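Before any comments, here is the structure.
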Amino acid sequence: MEGQNMMIRPYGDTMNDGAIQLSFTLPVPHSAKADEAARQYAKKLGFNEVEVVHSNPLSDKFTFFVIYGKTTQQLDYDKVEVEAIEKTMDYYEVNNYIEENIKRKIVVVGACTGTDAHTVGIDAIMNMKGFDQHYGLERYPMIEAINMGAQITNEELIERAVELNADAILVSQVVTQKEVHIQNMTDLIELMEAEGVRSKMLVVAGGPRISNKLALELGYDAGFGRGTFPENVASFVVEKMVEKKAVSS
Amino acid sequence: MMDSKLNLDKSKIKKARQLSKEIAGPVNEYISQHTTVAIERATLRLLGADGVSKDEVPVPNMVINSLGDKIQYGAAKYYINALIRKNVSPQELNELIADGLDISSIDFTDQKLIDQKAEELVEGAAKRIKENVAYRSGKIDQYKEKENSPLLYLIVATGNIFEDVKQAQAAAKQGADIIAVIRTTGQSLLDFVPYGATTEGFGGTYATQENFKIMRKALDEVGEETGKYIRLVNYCSGLCMPEIAAMGALERLDMMLNDSMYGVLFRDINMYRTFVDQKFSRMINAFADITINSGEDNYLTTSDAYEKAYTVTASQFINEQFAYDSGLPAKLMGLGHAFEINPQMENGFLYEMAQAQMAREIFPEAPLKYMPPTKYMTGDIFKGFIMNAMFNFIAKSTNQGILLLGMLTEAIHTPFMQDRFLAVENARYILNSTKDFSNDIEFKKDGIMQTRAQDVLDQTIEFLENINQQGLFDSIENKMFAEVSRPKHGGKGFDGVTEKAKDYFNPVYKYLENELGLK
Numbered sequence: 001m002e003g004q005n006m007m008i009r010p011y012g013d014t015m016n017d018g019a020i021q022l023s024f025t026l027p028v029p030h031s032a033k034a035d036e037a038a039r040q041y042a043k044k045l046g047f048n049e050v051e052v053v054h055s056n057p058l059s060d061k062f063t064f065f066v067i068y069g070k071t072t073q074q075l076d077y078d079k080v081e082v083e084a085i086e087k088t089m090d091y092y093e094v095n096n097y098i099e100e101n102i103k104r105k106i107v108v109v110g111a112c113t114g115t116d117a118h119t120v121g122i123d124a125i126m127n128m129k130g131f132d133q134h135y136g137l138e139r140y141p142m143i144e145a146i147n148m149g150a151q152i153t154n155e156e157l158i159e160r161a162v163e164l165n166a167d168a169i170l171v172s173q174v175v176t177q178k179e180v181h182i183q184n185m186t187d188l189i190e191l192m193e194a195e196g197v198r199s200k201m202l203v204v205a206g207g208p209r210i211s212n213k214l215a216l217e218l219g220y221d222a223g224f225g226r227g228t229f230p231e232n233v234a235s236f237v238v239e240k241m242v243e244k245k246a247v248s249s
Numbered sequence: 250m251m252d253s254k255l256n257l258d259k260s261k262i263k264k265a266r267q268l269s270k271e272i273a274g275p276v277n278e279y280i281s282q283h284t285t286v287a288i289e290r291a292t293l294r295l296l297g298a299d300g301v302s303k304d305e306v307p308v309p310n311m312v313i314n315s316l317g318d319k320i321q322y323g324a325a326k327y328y329i330n331a332l333i334r335k336n337v338s339p340q341e342l343n344e345l346i347a348d349g350l351d352i353s354s355i356d357f358t359d360q361k362l363i364d365q366k367a368e369e370l371v372e373g374a375a376k377r378i379k380e381n382v383a384y385r386s387g388k389i390d391q392y393k394e395k396e397n398s399p400l401l402y403l404i405v406a407t408g409n410i411f412e413d414v415k416q417a418q419a420a421a422k423q424g425a426d427i428i429a430v431i432r433t434t435g436q437s438l439l440d441f442v443p444y445g446a447t448t449e450g451f452g453g454t455y456a457t458q459e460n461f462k463i464m465r466k467a468l469d470e471v472g473e474e475t476g477k478y479i480r481l482v483n484y485c486s487g488l489c490m491p492e493i494a495a496m497g498a499l500e501r502l503d504m505m506l507n508d509s510m511y512g513v514l515f516r517d518i519n520m521y522r523t524f525v526d527q528k529f530s531r532m533i534n535a536f537a538d539i540t541i542n543s544g545e546d547n548y549l550t551t552s553d554a555y556e557k558a559y560t561v562t563a564s565q566f567i568n569e570q571f572a573y574d575s576g577l578p579a580k581l582m583g584l585g586h587a588f589e590i591n592p593q594m595e596n597g598f599l600y601e602m603a604q605a606q607m608a609r610e611i612f613p614e615a616p617l618k619y620m621p622p623t624k625y626m627t628g629d630i631f632k633g634f635i636m637n638a639m640f641n642f643i644a645k646s647t648n649q650g651i652l653l654l655g656m657l658t659e660a661i662h663t664p665f666m667q668d669r670f671l672a673v674e675n676a677r678y679i680l681n682s683t684k685d686f687s688n689d690i691e692f693k694k695d696g697i698m699q700t701r702a703q704d705v706l707d708q709t710i711e712f713l714e715n716i717n718q719q720g721l722f723d724s725i726e727n728k729m730f731a732e733v734s735r736p737k738h739g740g741k742g743f744d745g746v747t748e749k750a751k752d753y754f755n756p757v758y759k760y761l762e763n764e765l766g767l768k
């Protein structure tokens, strides 16, 4: 080794033993044959000394296994590189970030605009309950979140945002026909520019057919697609607010 | 009735009930004077309205849309009038309406004929629901021995009703007593109920009458196989509360998530709409012998379980009062709470047990619904499994009625089949191993648990007094619940609320009021 490379394997109770525990389900009835199948499957995964330590029927057709095996695979730890991942803050971090860096509640106004009647997107991001165990912006103590609902005109949205002195606008577009959402999204930015309020707030778009690239092209600060959680949007908004403030001051 | 472990002051419990009654008073006053589009649609459904137009608009919605302001007189009158005038069956009338027949402007026939026909239709629906009740109680009696105590509650949520069936049957075979089919994201905000069997949903499956029927049949089948009556749950919440109740009553659902304030606080549905809707929905549930589950667990996903424990207890009192006001007996009140205490907290387990035991002692007949840890669950599935075990232990040792099983992968993904199995194993081990624990222990006088419960009860009374002073509507507006403000005229669905005319006609409402002894 000469201290050159640091080769590693999983550690059970002896250095380099390569011991791993795993559990999974196979779609077969519980039987001696099923146990053997699980053992062979683990061998196919590259494990040696495979032991099926536990198996249990989940139904007539499925069996659950707990397995131990040893692997000879090793890895040169020194060659592992990590990309600096763009990690977004979670619910608590966002609130703390606002308290520390902005020092007041921020105001976010959201709506599903134009003819689109589907509130599922904006509700997932804004509603208290949130989505898939990720709290919506309404639940953030440091965010005043106003969800205007669906079929809101661009004019109404801007009026409300100005009235509330909003820090950010969230626009959701879920179901659209013949690309009307593009026109609608473009109109919003043009209207805001005409009224001289575009620079006063962040404008963020979201929806299954929205990408960050598309949103930037249309003059938005960001776009969020499928799989976005409230904290992703919140992180972007608060960090961008601080960044903009730093630039302008 | 069990002996008290907590030494709670009975006069304080009485006081809290009295306050809840006073809080509900003005709300009931408002409820009695109003109807909603959802109540009218539910009424129509119980009279036989069903089906959809070519554009997928449900027939009950088509009727309500054509009636506009006239719903103040009760949609039933127009529907029954059309049946008589056209001399058709409900099925035939539904087809005519789906094809565009407007029943809002047909000349009225003799009111006597309408009353007669109404009686016939209401009797028909009532008969079907009574048969459902009799069938259920027969099966529960037959298979009582095999039931777990508390009942084990598992969730399926694939989006596809046919896939749900497979998972639900597997879960029943693994030992579940109750299956809940989670609804698709956002259904609670639809002001109509979709139609037919559905195979696509986001994070859940559409609640439709056909889906109810499919799952009911599947659970009856697996129930016969396993020698158990498997209960089916859906969500009687959102903008279609009463309609879901009507469908559930017709298709023999057994439990409904049905909270008096959840929609207002957590889904931003208008408060007037929700209060008016919840009453009729609970009347239907009461008549159909359906156990409701209230949603107090939601308060604790928002707020700290230790600091805000009293909001749970207060909400339980308020839910109980509104349930009584709808004719629901205590045995159908699955009042909710949750094991959401921070696992880092010293003696957290004692506080949690005090809270659960307190609910047990305050609501002795209610089949309390206990929700598992979610807030502090992480990718550490091993720790999560222990947290679920602690939760199961409290559930058993405080005699909870309905145990929603926690998944060790709660924070990671929707459950794998093996996750449900492990959850059932965990619960069964504890239920068996601690079977008579609760009968065998007493709590130390003035110990941590007694003191905690007494403190929470005091805080609850203070909170209820505060609400009573402000009035419930203003309290909600003033952020008293769940740290969120809901303006009285804001939120979704307010435009669906209408003041009843003097000669408002609703034979279903009237029938239920009589049957439930509310008049």
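Chains as they are written, first to last, in this note's numbering: chain B, 1 to 249; chain G, 250 to 768. The beta-carbon is built from N, C-alpha and C at its ideal position, and this holds for glycine as well. No experiment lies behind these values; they were computed from the predicted model shown.
Helix, strand or coil for G:Glu492 per DSSP? helix
Evaluate contact between the stretch 457 to 469 of chain G and the stretch 413 to 427 of chain G, counting only Cβ atoms and requiring at least three cross-stretch pairs below 8 Å. yes
Measure the alpha-carbon distance for G:Gly223 versus B:Asp13 and round it to whole angstroms. Lying before the first or after the last residue shown, residue 223 of chain G is absent from chain G, which here runs from 250 to 768.
Chain G contact residues for B:Asn127, given Cβ-Cβ distances below 8 Å: Phe515, Arg516 and Asp517
Grab the span of the alpha helix (DSSP H) containing G:Ser682 for me, first residue to last. Met666 to Ser682
G:Thr284 and G:Ile329 closer than 8 Å at C-beta: no
Does the stretch 390 to 399 of chain G come into contact with the stretch 628 to 639 of chain G, if we say contact requires no fewer than three beta-carbon pairs (one atom in each stretch) closer than 8 Å? no
Which value, in whole angstroms, describes the spacing of the CA atoms of G:Ser552 and B:Asn147? 21 Å
For G:Met666, decide whether its Cβ has a neighbour in chain B, counting only Cβ atoms nearer than 8 Å. yes
Contained beta strand (DSSP E) runs [length at least 3] in the stretch 443 to 495 of chain G, N- to C-terminal order: 480 to 484
What are the boundary residues of the alpha helix (DSSP H) that includes B:Met128? It is not in any alpha helix (DSSP H) - B:Met128 carries neither H nor E in the DSSP assignment.
G:Ser543 - DSSP class collapsed to helix/strand/coil: coil
Can you give me the C-alpha to C-alpha distance between G:Leu257 and G:Ile590, rounded to a whole angstrom? 22 Å
Alpha carbon to alpha carbon, how far is G:Gly583 from B:Asp116? Give it in angstroms, no decimals. 38 Å
Does DSSP put B:Phe229 in a helix, a strand or coil? coil
Tell me whether B:Tyr77 is buried or exposed, calling it buried when 16 or more other Cβ atoms sit within 10 Å of its Cβ. exposed
Residues near B:Glu2 by beta carbon distance below 8 Å, same chain, minus five either side: Annotation note: pLDDT 47 at B:Glu2 (below 50); position unreliable, no value reported.
Mind checking whether B:His134 and B:Pro27 have CB atoms under 8 Å apart? no
Less than 8 Å between the CB atoms is what I'm expecting for G:Ile533 and G:Ala494, so what's the real figure, rounded? 4 Å
If you compare alpha carbons, which of B:Ala19, B:Glu36, B:Ser172 and B:Ile152 is closest to B:Gly225? B:Ser172
Output needed in chain order: residues of the stretch 139 to 161 of chain B with a Cβ under 8 Å from some Cβ in chain G. Arg139, Pro141, Asn147 and Gly149
Name the residue from B:Phe47, B:Ala42 and B:Phe65 whose alpha carbon lies nearest to the alpha carbon of B:Val53. B:Phe65
Would you call G:His662 buried or exposed, if buried means 16 or more other Cβ atoms sit within 10 Å of its Cβ? exposed
DSSP three-state label for B:Glu155, please. helix
Taking 8 Å as the limit between beta carbons, can you name the residues of its chain near G:Gly472, skipping five residues before and five after? Lys388, Tyr392, Ala421, Tyr478 and Ile479
Nearest neighbour of G:Lys326, chosen from G:Glu289, G:Glu305 and G:Asn310 [CA to CA]: G:Glu289
Determine, for G:Phe451, whether the minimum Cβ-Cβ distance to residues of chain B falls below 8 Å. yes
Straight-line gap, B:Arg253 to G:Thr658 (C-alpha atoms, nearest Å): Past the edges of chain B, shown from 1 to 249, lies residue 253 of chain B, and the structure says nothing about it.
DSSP state of G:Thr560 mapped onto helix, strand, coil: helix
Burial state of G:Ala457, where buried means 16 or more other Cβ atoms lie within 10 Å: Looking at the sequence shown, residue 457 of chain G is not Ala but Thr. Buried is the call here.
Am I right that G:Asp351 and G:Ser315 are in contact with their C-beta atoms under 8 Å? What's the rounded C-beta distance? 5 Å
Under 8 Å between C-beta atoms of B:Ile169 and B:Cys112: no
Sort out for me which residues DSSP pairs B:Phe224 with in a bridge. B:Gly206
Which residues, in chain order, does the stretch 52 to 69 of chain B contribute to contact with chain C at a C-beta distance below 8 Å? Looking at the structure shown, chain C is missing, and the protein chains on hand are B and G.
I need the straight-line Cα distance from G:Ser269 to G:Asp546, nearest angstrom please. 19 Å
What does a CB cutoff of less than 7 Å around B:Asn95 pick up in its chain, not counting 5 residues either side in sequence? Tyr140, Pro141 and Met142
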